[in-house]
Structure formats: structure tokens, C-alpha cells
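J.: All the letters of the sequence shown, read from the start, carry residue numbers 106 to 501 under our numbering.
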Amino acid sequence: MRISMIGTRGVPARYGGFETCVEEVGRRLVQRGHEVTVYCRNLGGRGPRPERHLGMRLVHLPALRRKTLETLSHTALSALHAVVRPPEVAVVFNAANAPLLPLLGLRGIPTITHVDGLEWKRAKWGPAGSAYYRRAEALAVRWSDALIADALGIQDYYRDRFNTETEYIPYGAPVLTEVGTDGITGLGLSPRRYHLVVARFEPENHVHVAVEGYLRSNARHPLVVVGSAPYADEYTASIARAAKGDPRVRLLGAVWDQRLLDQLYGNALTYIHGHSVGGTNPSLLRAMGAAAPTSAFDVRFNREVLGSFGRYFRDPGDLAALCDAAEADPSGTLLRGQEQVASLDRYTWDGVAQKYEELAARVLLVDRRRPTPRGLPGARAAVTAAVSMPETKEVR
Numbered sequence: 106m107r108i109s110m111i112g113t114r115g116v117p118a119r120y121g122g123f124e125t126c127v128e129e130v131g132r133r134l135v136q137r138g139h140e141v142t143v144y145c146r147n148l149g150g151r152g153p154r155p156e157r158h159l160g161m162r163l164v165h166l167p168a169l170r171r172k173t174l175e176t177l178s179h180t181a182l183s184a185l186h187a188v189v190r191p192p193e194v195a196v197v198f199n200a201a202n203a204p205l206l207p208l209l210g211l212r213g214i215p216t217i218t219h220v221d222g223l224e225w226k227r228a229k230w231g232p233a234g235s236a237y238y239r240r241a242e243a244l245a246v247r248w249s250d251a252l253i254a255d256a257l258g259i260q261d262y263y264r265d266r267f268n269t270e271t272e273y274i275p276y277g278a279p280v281l282t283e284v285g286t287d288g289i290t291g292l293g294l295s296p297r298r299y300h301l302v303v304a305r306f307e308p309e310n311h312v313h314v315a316v317e318g319y320l321r322s323n324a325r326h327p328l329v330v331v332g333s334a335p336y337a338d339e340y341t342a343s344i345a346r347a348a349k350g351d352p353r354v355r356l357l358g359a360v361w362d363q364r365l366l367d368q369l370y371g372n373a374l375t376y377i378h379g380h381s382v383g384g385t386n387p388s389l390l391r392a393m394g395a396a397a398p399t400s401a402f403d404v405r406f407n408r409e410v411l412g413s414f415g416r417y418f419r420d421p422g423d424l425a426a427l428c429d430a431a432e433a434d435p436s437g438t439l440l441r442g443q444e445q446v447a448s449l450d451r452y453t454w455d456g457v458a459q460k461y462e463e464l465a466a467r468v469l470l471v472d473r474r475r476p477t478p479r480g481l482p483g484a485r486a487a488v489t490a491a492v493s494m495p496e497t498k499e500v501r
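1. Residues bridged to proline 167 by DSSP?
2. Closer than 7 Å by C-beta to glycine 121: which residues in its own chain qualify, once you throw out the five before and the five after it? Chain order, please.
3. Less than 8 Å between the C-beta atoms of leucine 206 and tyrosine 262, yes or no?
4. With H, G and I counted as helix, E and B as strand and the rest as coil, what does DSSP make of tyrosine 273?
5. List, from N- to C-terminal side, the alpha helix (DSSP H) runs of 4 residues or more that fit wholly inside the segment 114 to 146.
6. Does the Cβ-Cβ distance between isoleucine 344 and valine 312 come in under 8 Å?
7. Sort His158, Arg298 and Phe198 by Cα distance to proline 435 and report the nearest one.
8. Any idea if tyrosine 336 is buried or exposed, counting beta-carbon neighbours within 10 angstroms, 16 or more meaning buried?
9. May I have the straight-line CA-CA distance separating valine 500 from valine 220, to the nearest angstrom?
10. For asparagine 386, which of Pro204, Phe123, Ser178 and Gly138 has the nearest alpha-carbon?
11. In the DSSP assignment, find the alpha helix (DSSP H) that holds phenylalanine 414 and state where it starts and stops.
12. What residue does the beta strand (DSSP E) around phenylalanine 402 start on, and which one ends it?
13. Judging by CA-CA distance, which residue of Gly437, Ala401, Asp403 and Arg441 is the nearest neighbour of phenylalanine 414?
14. Tell me, which residues are paired with serine 109 by DSSP?
15. Count the other CB atoms within 10 Å of the CB of aspartate 255; is the residue buried (16 or more) or exposed (fewer)?
16. For the beta strand (DSSP E) holding arginine 355, just list the boundary residues, first then last.
17. Got a sec: does the ligand HEM put a non-hydrogen atom nearer than 7 Å to the Cβ of proline 155?
18. Applying the 10 Å Cβ sphere with the 16-neighbour rule, what's the burial state of glycine 480?
19. In whole angstroms, give me the CA-to-CA distance for arginine 355 and serine 235.
20. Report back the beta-carbon spacing between valine 302 and valine 284 to the nearest angstrom; my notes put them in contact at under 8 Å.
21. For serine 249, count the other beta carbons within 10 Å of its own beta carbon; 16 or more makes it buried, fewer makes it exposed. Which is it?
22. Would you check if there are 3 or more beta carbon pairs closer than 8 Å linking the segment 171 to 190 to the segment 109 to 117?
Right, here's the structure in full:
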């Protein structure tokens with residue numbers, strides 16, 4: 106099959122979960138004999154732009170450098186390019202791109218939409234942005250041939266709100282062994298003697314709670330914080346202010362060196378995961394695969410993945426107690442990390458890629474190629490009702 110992946114920053118994966126998914130799934134689809142095209146954002150950076158990566162063909166297109174327009178502007182150009190050079194199946198990431206799906210539909214391209222998490226809950230979008238995301242979810246239901254949910258909680262949300270089914274396909278978890286220590290020692294860190302946060306700096310990822318909770322603890326080992334975010338200068342500055350004056354907190358900024366990042370995960374005493382509105386998060390899975398004992402913000406998505414092997418917090422006081430407990434019993438803490446690894450058989454990239462392949466084959470077999478918007482069975486009536494609903498069931 107000729108498969109195009111649209112709606113992400115592209116590969117090599119250097120940003121978030123979508124990009125990691127595209128890289129891991131795309132490379133495996135190529136190995137299975139498929140032609141994979143990935144649309145990548147050209148944001149004006151210098152340096153060569155590779156035409157291929159791990160067997161995938163890359164198409165570099167520009168995007169407007171504005172928070173509210175970057176994704177949509179790039180996806181619009183990508184969809185137009187795909188219309189001229191149509192794939193057999195398009196996989197579109199992020200329900201926010203749903204208003205552009207008719208471009209693909211008019212060309213008769215079967216489309217799968219990975220809906221992402223509950224983006225309308227993110228404070229950064231404001232009331233107008235939140236309303237847009239809610240409407241875009243409805244359009245994704247109406248205009249997609251199939252929907253992918255990466256968490257059971259997201260699957261339940263679409264079933265409850267839109268009376269429609271999604272395909273449950275989580276992310277994969279690489280199992281990291283013998284990652285080495287040279288990178289972390291170069292940063293002045295010792296194995297299993299630091300706590301780690303890796304997150305995009307957004308309020309819903311609770312980096313501020315992680316820093317505040319750690320500062321309230323009696324922890325002796327440092328807190329290492331990896332991450333940044335475009336368009337989030339104020340929140341980033343607030344984290345820096347909170348950490349200022351306490352030498353135990355190390356703000357590393359973004360780390361693009363995957364080997365160093367793996368070492369940070371693989372040698373941490375604990376990994377602190379504050380994500381709350383997404384689905385199955387790749388950072389959480391990577392930490393589990395590195396045997397990093399995890400303390401996670403207490404929402405359904407995180408419990409769904411970690412189960413009884415995790416420790417959970419809702420506020421800085423909870424987290425302070427977890428940091429102190431981990432340092433008081435490092436052997437028991439590290440044993441829990443090993444138990445996390447043993448629980449990851451549901452999250453293999455080979456299995457994830459196979460599910461993408463099977464879903465693409467199914468939508469290709471269904472003849473929905475007609476020049477009108479298409480929807481899942483029963484979706485149009487459900488959308489009409491859902492768009493007018495003032496409230497939705499809380500997913501936690």
C-alpha cells in the first residue's frame with residue numbers, strides 16, 4: 106500500500122508522541138513492503154533536509170509560525186500535496202486537522218484519523234480554541250473512514266459523546282537495557298541518584314507541580330527536568346522562578362540526543378510523570394521500558410498504563426511524600442521499576458505497526474470513494490446531537 110502520514114512535525118522524531126509514532130510505525134511499514142510518505146514541517150531552519158529517513162519518503166512543507174495556525178497551515182499544504190500525488194490511504198494525526206479532511210475525501214483518499222487526547226482541556230487554547238477542538242472532534246467522526254484512539258479512556262469518550270467506535274491502538278514501549286552512564290556522568294549525575302521529569306512545558310503536564318512537590322520534600326538526590334515548549338514562555342519562566350535558589354533542581358531544557366535521553370530514563374531513581382489530558386503517553390512508556398520507577402499524576406490514562414506498579418499524586422504534598430519514600434527505600438523502588446518492564450507486553454511497536462497495517466488494509470477494501478463527506482455508521486446523527494451538548498462526561 107501507499108500510505109501517507111499527515112499532521113505531525115515529521116521525522117526524525119524530535120518533538121512528541123505523534124512524531125515517535127510516525128517514526129516507529131512508518132519504518133516498520135516500510136519493512137513490510139509498503140511505500141510510506143511522511144509530511145514534515147519546514148520551519149525555516151538551516152541545514153540539509155533529508156529526502157528519506159528509515160526508508161520513508163519525506164516531503165518538507167512550510168507552516169505559519171503561530172500557535173493557532175502552525176498545525177493547520179502545514180496540514181492544509183500537506184493535504185493539497187496528497188491530492189496531487191494521492192496515496193492509497195492517508196493517516197491524519199490530531200483531530201484538530203479534521204476541517205481539512207474533505208480535501209482528501211474529494212480526491213477519494215480513504216482517511217484514518219488518530220484523534221489524540223482531550224486537547225480542548227488544555228488551558229493554552231483559551232475558550233475559542235477549546236470550542237474549536239470540540240467541534241473538530243465531531244468533524245473527525247463525520248469525515249474519517251476510521252478513528253484511532255491510543256487509550257481506552259479516549260475510546261470510551263468517543264463512544265459516550267458521539268456514539269461511535271474507534272480502533273484502540275496504543276503506542277509502543279521500547280525496552281531499554283544497558284543504556285550506559287557516560288552521558289549522565291558528564292552532567293554531574295550519578296546512576297539511581299536523581300529524580301527525573303521529561304515533559305513539554307504545558308500546565309496540563311504539571312511540571313510546576315513536580316518542581317513544587319520536590320521542593321517540599323526532604324530529598325537529597327537532585328531533580329532533573331528535561332523539556333521546553335514553543336509558545337509557552339510564561340509557563341517556562343514560572344518553572345524557572347520556582348526552581349531558582351535551590352541547587353537541587355537542574356533544568357536541562359530540551360534534550361534531542363536520544364542516547365542521552367535514554368540514559369537519563371535508564372538511570373533515574375524515579376520518573377515523575379505529570380501528563381493528564383492525553384491518552385497513552387510515549388514518555389510514560391519509555392520510562393517504564395527503562396525500568397524507571399514511576400510516580401504519575403492520578404488520572405485514568407496513567408492508571409490504565411501503570412496499574413498497580415505506579416505511584417500516584419494529585420498535588421505537591423503527595424509528590425513530596427513519594428520522593429521521600431523512594432529515597433528511604435531505593436531497593437524496593439527499583440524493584441517496582443523492574444516490575445513495570447514485565448508489564449509492557451501490550452505495548453510493542455511491532456504489534457502497533459501490525460494494527461496500523463491491518464486497519465489501513467480494511468479501509469482500503471471498503472469502497473467509500475465518493476466526492477462527499479463520509480462518516481462512520483450512525484455518526485452523523487450522533488454528531489448533530491453531540492455538538493449541541495453543553496456538558497460532556499469527564500474522563501479522568
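Note that the Cβ used here is the ideal one computed from N, Cα and C, for glycine as well.
T.: Based on what the coordinates show:
1. Within the sequence shown, numbered from 1, the residue matching residue 167 stands at position 62. For proline 167, which the question treats as bridged, DSSP gives the partners Asn147.
2. In the sequence shown, the residue the question calls residue 121 occupies position 16. Cβ neighbours of glycine 121 beyond the five flanking positions: Arg305.
3. Counting from 1 along the sequence shown, the entry for residue 206 is found at position 101. Counting from 1 along the sequence shown, the entry for residue 262 is found at position 157. Cβ distance not < 8 Å, so leucine 206 and tyrosine 262 don't count as in contact.
4. The residue given as residue 273 occupies position 168 in the sequence shown. Tyrosine 273 falls in the strand class under three-state DSSP.
5. 122 to 136
6. In the sequence shown, counting from the first residue as 1, residue 344 sits at position 239. In the sequence shown, counting from the first residue as 1, residue 312 sits at position 207. Yes; because the gap between Cβ atoms is below 8 Å, this pair is in contact.
7. Numbered from its first residue, the sequence shown carries residue 435 at position 330. Of the listed residues, the one whose Cα sits closest to proline 435 is Arg298.
8. Sequence index remark: in the sequence shown, residue 336 carries index 231 (1-based). The residue is exposed, with fewer than 16 neighbouring Cβ atoms inside 10 Å.
9. Taking the sequence shown and counting its residues from 1, the one referred to as residue 500 is at position 395. Taking the sequence shown and counting its residues from 1, the one referred to as residue 220 is at position 115. Residue confidence for valine 500 is low, a pLDDT of 44 falling below 50, so the modelled location carries little weight; the figure read from the coordinates is stated next. Taking the straight line from one Cα to the other gives about 15 Å.
10. Locating residue 386 in the sequence shown gives position 281, counting from the first residue. Comparing Cα positions, the closest option is Phe123.
11. For the purposes of this step, residue 414 is taken as residue 309 along the sequence shown, with counting starting at 1. Counting along the chain, phenylalanine 414 falls outside any alpha helix (DSSP H), and DSSP gives it neither H nor E.
12. Walking along the sequence shown from the start, residue 402 turns up at place 297. Phenylalanine 402 -> beta strand (DSSP E) spans 399 to 402.
13. As a working mapping, residue 414 is identified with position 309 in the sequence shown. Of the candidates Gly437, Ala401, Asp403 and Arg441, the one whose C-alpha sits nearest the C-alpha of phenylalanine 414 is Arg441.
14. To locate residue 109, count along the sequence shown from 1; it is residue 4. Partner(s): Thr142 and Ala195.
15. Here the question's residue 255 lines up with position 150 in the sequence shown. Per the 10 Å Cβ criterion, buried.
16. Against the sequence shown, residue 355 aligns to sequence position 250. Unbroken beta strand (DSSP E) run through arginine 355: 354 to 358.
17. In terms of ligand content, the structure shown is empty, and the ligand HEM therefore cannot be addressed.
18. Your numbering for residue 480 matches position 375 in the sequence shown. At glycine 480, the pLDDT of 42 sits below 50, so the modelled position is not reliable; the number obtained from the coordinates is stated separately. The residue in question, glycine 480, is buried, as its Cβ has 16 or more Cβ neighbours within 10 Å.
19. As a first step, residue 355 is located in the sequence shown; it is residue number 250 there, counting from the start. As a first step, residue 235 is located in the sequence shown; it is residue number 130 there, counting from the start. Their Cα atoms are separated by approximately 33 Å.
20. Residue numbering aside, residue 302 sits at position 197 when the sequence shown is read from its first letter. Residue numbering aside, residue 284 sits at position 179 when the sequence shown is read from its first letter. So it is not a contact: roughly 18 Å between Cβ atoms.
21. By one-based count along the sequence shown, residue 249 stands at place 144. By the neighbour-count rule (16 or more Cβ atoms within 10 Å), serine 249 is buried.
22. yes
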